[in-house]
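Note sheet for the following structure.
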Ligand code: IPD
Ligand code: CA
Ligand code: CA
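Numbering (the numbering used here), first residue to last: 21 to 284.
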């Protein structure tokens, strides 16, 4: 198997396992899940743990001996030579409030670079996947970022950290800067899905500050493969654990950088 075929195989397996985890999420969404608090507002449900166990076990079966990092159980370093990184339930707050928008995200990374991955939104039965050099795909169809170049016709999306204590002014400043310069701003509650929607051209601009590798690894790859651009707020590289991330359809990146920096 050449390198490309290897990445493709990993993307297909990530997709298959995301579908299995999605089935569990869908089933539990209709039932009840015990909720615990990790912080004042940051919660976790028994479904987060169950989904992570499923993803970890299925990956271990398909790729014995390979390293794994999950949001709930931790594990290997995000920049290990080869590691699977998973968010078993992205959008836990939505899930706990019975808002039908959340996902499971699985990515395979080589030394901090995502090379294959999948994100699945089980309520809409919406599967995104891609691999390095092989494009980004949604339910069997190739996807691309939007061709919008007019910020006033661009739809933006963002997310907020669980604990905004030390960044509230900057956060509100960015929101205040973006709202009047774009068609609108959304906050949907699943960073992995926000990134998929940039890759598929539904949204044009996304930013968020305190992100973790499991939130963004798969989406990062999909956006790159779909023709988008991802940087930090200064226009420099945005590593998987870099915290701040601005993702756009590329055309809007320079103006989006200005909007994001404008507040300060
Ligand atoms: C959260 C969601 C949310 C984003 C937060 C994430 P979780 O992940 O992706 O959209 O704004 O920064 O922590 O906790 O639901 O897995
Ligand atoms: Ca998450
Ligand atoms: Ca999560």
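We put the CB at the ideal spot given by N, CA and C, even for glycine. Quantities reported herein were computed from a predicted structural model and do not represent experimental measurements.
Report, in whole angstroms, the separation of the C-beta atoms of residue 111 and residue 123, which I expect to be a contact under 8 Å.
6 Å
For the stretch 141 to 166, list the beta strand (DSSP E) runs that are entirely contained and at least 3 residues long, ordered along the chain.
146 to 151, 155 to 158, 161 to 163
Measuring only from the beta carbon, is residue 110 closer than 6 Å to any heavy atom that is part of ligand 2?
yes
Let me know if residue 268 comes out buried or exposed under the rule of 16 or more other beta-carbons within 10 Å of its beta-carbon.
buried
Grab me the residues of residue 282's own chain with a C-beta within less than 6 Å of its C-beta, minus the 5 sequence neighbours each way, in chain order.
197
Look at residue 79 and residue 44 and say whether their C-beta atoms are less than 7 Å apart.
no
Pick out whichever of 243, 236, 277 has its Cα sitting closest to the Cα of residue 91.
236
Is residue 209 near ligand 1, judged by its Cβ being under 6 Å from some heavy atom?
yes
Own chain partners of residue 261 with C-beta closer than 6 Å, once the 5 adjacent residues on each side are dropped:
98, 233
Candidates 21, 128, 56, 24: closest to residue 67 by CA position
56
Under the criterion of a Cβ to heavy atom distance below 6 Å, does residue 68 qualify as lining ligand 2?
no
Straight-line gap, residue 200 to residue 175 (C-alpha atoms, nearest Å)
11 Å
Count the other CB atoms, across all protein chains shown, that sit within 10 Å of the CB of residue 188; report buried if there are 16 or more and exposed otherwise.
exposed
Out of curiosity, what's the CA-to-CA distance linking residue 129 and residue 29?
14 Å
Is residue 179 near ligand 1, judged by its Cβ being under 6 Å from some heavy atom?
yes
Please name the residue in 273, 140, 231, 195 whose C-alpha comes closest to that of residue 38.
140
Use the C-beta contact count for residue 52: other C-beta atoms within 10 angstroms, 16 or more gives buried, fewer gives exposed.
exposed
Going by DSSP, which residues form a beta bridge with residue 178?
227
Can you say whether residue 167 is buried or exposed, counting buried as having 16 or more other CB atoms within 10 angstroms of its CB?
exposed
Ligand 3 heavy atoms versus the CB of residue 62: any closer than 6 Å?
no
C-alpha gap between residue 181 and residue 230, whole angstroms:
6 Å
Compute every distance between the C-beta of residue 235 and the non-hydrogen atoms of ligand 1, then say whether any falls below 6 Å.
yes
For residue 183, is the beta carbon positioned less than 6 Å from some heavy atom of ligand 1?
no
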